[in-house]
Amino acid sequence: MTVEVREVLLARRGELIDELATITDVPRDSVTPVSFGKRVGDGTTEAVERLNKVGTARELDAVLADVERALAKVDDGSYGRCDECGEPIAPERLEARPWSVRCVRCASSR
Ligand SMILES: [Zn+2]
């Protein structure tokens with residue numbers, strides 16, 4: 360089981376990194392001025408688009424962090440146990456989201 364989970368996690372990590380790479384052609388923390396020489400409307404649209412990308416990138420980043428954490432847990436043998444309370448994570452949850460590192464209770468109490 361552990362080997363399979365590892366493969367699923369590694370595959371997911373690869374996908375996330377690819378997705379992030381396509382989104383983050385715009386540097387996330389950049390202070391790059393919105394392009395000059397265009398109508399104000401264009402600049403606004405671009406700014407909004409950029410904000411959307413930043414939001415998506417942050418979400419992907421958060422999932423990626425969980426995937427990395429889950430991989431570390433596979434390695435140290437704590438995979439399937441909640442990072443916060445140490446209780447087993449429900450198998451349905453792990454099946455739906457193999458990179459879960461907290462049980463439903465802890466994840467929803469954040
Ligand atoms: Zn927990």
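Its first residue numbered 360, the sequence shown is counted upward by one per residue in the working numbering.
Using N, Cα and C, we set each Cβ at its ideal position, and we do this for glycine too.
- Beyond the five residues adjoining it in sequence on each side, Glu408 comes within less than 8 Å, by CB distance, of no other residue in the same chain.
- For Val463, the uninterrupted alpha helix (DSSP H) run begins and ends at 463–467, by DSSP.
- If you draw a straight line from the Cα of Arg428 to the Cα of Glu378, it comes to about 19 Å.
- Residue pairing of Pro447 in beta bridges, as defined by DSSP: Arg440.
- Secondary structure at Val460: coil, using DSSP grouped into helix, strand and coil.
- In this structure, ligand 1 has a non-hydrogen atom nearer than 7 Å to the beta-carbon of Glu446.
- The three-state secondary structure of Asp384, taken from DSSP, is coil.
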